[in-house]
Ligand SMILES: Cc1cc2nc3c(=O)[nH]c(=O)nc-3n(C[C@H](O)[C@H](O)[C@H](O)COP(=O)(O)O)c2cc1C
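In this note's numbering, the protein residues as written are 2 to 216.
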């Protein structure tokens, strides 16, 4: 597929078919995700791929913790955000809401869905060694970017799940991730459900004039 088409067509998938991903497809996806650049070619990214019953077990633990501790998806900002950021958040909600049943609460859908990897057959947990400074999160982000594009090109859908970082203790324990690894993000991966309206929602982007300056 042409790169521009992959980049403009791709969007997050929030409903998946109950179809397992063949191991070779997951291997290809990780191979392509790790073709990106990284500082001094350190390749700080590490992946824990959780599938099938293990993925469901992980989700049960995450949903329980999310409900007990009343945790919700949010911008994770350290101070109040300027209005234009809040406006983008509202626009995302406006874009997703029409595809949900009337009885479904938006925030609940996102919170429960995220902990459930939206029903995807695979959840990937990306970690980097704690020895790295936060600068290396850039490298990890590039790998996620490559992953979402490569997946789309392979007919797979993805949804990055930042919410997992609220449950690092639970994830460490269940997946034997040692303390010296920082849990950066989760990614839900699977075959998109073509009949689900949620998968037809396309979120907007700010015009370039709003995000770039030229000198
Ligand atoms: C770092 C990061 C964390 C995210 N965390 C979540 C999440 O926890 N739950 C969720 O439903 N979507 C999550 N998303 C998906 C974003 O909501 C989505 O990328 C954004 O709304 C733009 O939509 P698009 O991916 O469909 O283009 C995350 C995306 C990124 C890049």
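Cβ atoms here follow ideal geometry from the backbone N, Cα and C, with glycine treated the same way.
(request) Report back the beta-carbon spacing between residue 126 and residue 172 to the nearest angstrom; my notes put them in contact at under 8 angstroms. (result) Contact flag correct, Cβ pair sits at about 6 angstroms.
(message) Spatial neighbours of residue 39 within its chain, please: C-beta separation below 6 angstroms, excluding the five flanking residues on both sides.
(response) Cβ neighbours of residue 39 beyond the five flanking positions: 140.
(message) Using a Cβ distance threshold of 8 angstroms, determine whether the region 99 to 118 contacts the region 40 to 49, with at least three qualifying pairs required.
(response) No, the region 99 to 118 is not in contact with the region 40 to 49.
(message) Measuring only the C-alpha atoms, how far is residue 212 from residue 150?
(response) Rounded to whole angstroms, residue 212 to residue 150 spans 22 angstroms at the Cα level.
(request) Could you tell me whether the region 18 to 35 touches the region 192 to 207, where touching means 3 or more Cβ pairs closer than 8 angstroms? (result) Yes, since at least three Cβ pairs between the region 18 to 35 and the region 192 to 207 fall closer than 8 angstroms, the two stretches touch.
(message) Could you check if residue 158 belongs to the surroundings of ligand 1, using beta carbon to heavy atom distance under 7 angstroms?
(response) When distances are taken from the beta-carbon of residue 158 to the heavy atoms of ligand 1, even the shortest one reaches 7 angstroms or more.
(message) What would DSSP say about residue 96, mapped onto helix, strand or coil?
(response) Correct three-state label for residue 96: helix.
(request) Under 6 angstroms Cβ to Cβ from residue 133, same chain only, skipping five residues before and after it: list those, please. (result) The residues are 45.
(message) Could you check whether the region 162 to 177 touches the region 43 to 62, counting it as contact only if at least three pairs of C-beta atoms, one from each stretch, sit closer than 8 angstroms?
(response) Contact holds: three or more Cβ-Cβ distances are below 8 angstroms.
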